[in-house]
């Protein structure tokens, strides 16, 4: 795919209808937002680029006032949204400088971005230092708000704990045998934290399960011959992985021909985004999560019908987790901007007014209700779904069957409790089936 331009074409000029809708003063004003996602590298094809396409689609529709209620007012409170898109590829040091450039050179009003957990950990202190709003839309490590307190930083999606607690709950509900299990995860914050949560959750619901091969290849490794050999040799009942993007695609393509999927039950915490590119190369019966109720596991609501069908029509493929996650962040910022404007007399909100409006807020998204309940009102919780894969030869796509949805409180720690402590304490809640 062609590389996105820095401004995504700046979308379209205000139409007469937009001017009539917003009024003369706000029609002249814009809200500049940085969008940061992987546009190159191994995380781009199945993850970063779909997020970029979703941002382009949703911002375009918002600027036209074409999104269903309660998001049908054009732009952000009548202000045209002006996106500046940045490639996340290149590492944390590069992203720190890019974030400074967005705030100090491009004068954006806010930044929505970051998929990599290492990138999120690096950029969050910079936004706080500059006192500029930063909305992390995807990265999974629970450590963002467990190891620091932020005023200007938010994460508009749940962290990785829900992926692994939900996965273990699903496996237990479906009577998956797991006397032994092996794990393969990337050797950085996302993979390390995902592994820790899954192992801890397994100890609660599968207390006699034994961990066999425990592998941590580097991010972007691409070649997994040695790891596949170790997993085949281990012969575990279950192979768990939080691999994602090109790494997960490569692992599936290299392990399936060697019979690993027939020997062990694959359980992947965040895999829906690789289903379109893998197609019939993904085995049937793999248990997967999508980091929310997204894509083929998403709810049937007017807002989701608009998003799913509109994205699919615009891009020739249905939306997956990254597309949903950036969309819920954009809609959350819109909700906060308009909440602040309702309080300040209709003016463009300051950074502090925007922060106050976002803290502890909640809003509907295509994937369900998003609630900023954790991290002192800066960390979202949300519902999540799990399912099994089944290839549909007629549609030439992987369908998802045996879908189970979990409420947000069932798979996320309560406010003020560290994720790993909640898991080791028995994952107590009153919202689970």
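Residue numbers (mature numbering (1 follows the signal peptide of the UniProt record, and there is no 0)): -27 to -1, 1 to 406.
Note that beta-carbon positions come from the ideal geometry of N, C-alpha and C, so glycine has one too.
Values in this document were obtained by computation on a predicted structure and should not be read as measured data.
Asked                                                                                                                                                        : Found
State the DSSP-derived secondary structure class of residue 223, mapped to helix, strand or coil.                                                            : helix
Taking 8 Å as the threshold, find out whether the segment 371 to 384 comes into contact with the segment 155 to 175 through three or more Cβ pairs.          : no
What's the call for residue 433, buried or exposed, on a 16-neighbour Cβ count within 10 Å?                                                                  : The question about residue 433 has no answer here: the residues shown for the chain are numbered -27 through 406.
Taking 8 Å as the threshold (C-beta atoms), are residue 13 and residue 62 in contact?                                                                        : yes
Can you list, in chain order, the residues of its chain whose CB lies under 7 Å from that of residue 101, leaving out five sequence neighbours each side?    : 123, 124, 125 and 126
Would residue 30 pass as a contact of residue 284 if the rule is Cβ separation under 8 Å?                                                                    : yes
Take residue 98 as the anchor and find which of 73, 257, 153 and 79 has the nearest alpha-carbon.                                                            : 73
Only counting runs of 3 or more residues, tell me where the beta strand (DSSP E) segments fall wholly within the segment 43 to 73, in order along the chain. : 53 to 60
Suppose you measure from the CA of residue 209 to the CA of residue 323; what does that come to, to the nearest Å?                                           : 55 Å
Note the first and the last residue of the continuous alpha helix (DSSP H) segment covering residue 336.                                                     : Not the alpha helix (DSSP H): residue 336 falls in the beta strand (DSSP E), residues 335 to 338.
Classify residue 83 as buried or exposed, calling it buried when 16 or more other Cβ atoms lie within 10 Å of its own Cβ.                                    : buried
List, from N- to C-terminal side, the alpha helix (DSSP H) runs of 4 residues or more that fit wholly inside the segment 185 to 238.                         : 198 to 207, 218 to 228 and 233 to 236
Can you round the beta-carbon distance between residue 211 and residue 242 to whole angstroms, since I take them to be within the 8 Å contact cut?           : About 12 Å; that fails the 8 Å criterion.
Which of the three DSSP states is assigned to residue 138 in this structure?                                                                                 : helix
Hey, would you say residue 270 sits closer than 8 Å to residue 371, going by beta carbons?                                                                   : no
Tell me the residue span of the alpha helix (DSSP H) that contains residue 437.                                                                              : As shown, the chain starts at -27 and ends at 406. That puts residue 437 outside it, with no answer to give.
What are the complete beta strand (DSSP E) segments, minimum 3 residues, inside the segment 79 to 123?                                                       : 83 to 86 and 107 to 109
Should the segment 320 to 339 be regarded as contacting the segment 227 to 237, the criterion being three or more beta carbon pairs within less than 8 Å?    : no
If you drop the 5 nearest sequence neighbours on each side, which residues of the same chain put their C-beta closer than 7 Å to that of residue 89?         : 61 and 112
Between 216, 230, 251 and 231, which lies nearest to residue 240 when the distance is taken from Cα to Cα?                                                   : 216
Quick one: using the 10 Å Cβ neighbour count with 16 as the cut-off for buried, is residue 317 buried or exposed?                                            : exposed
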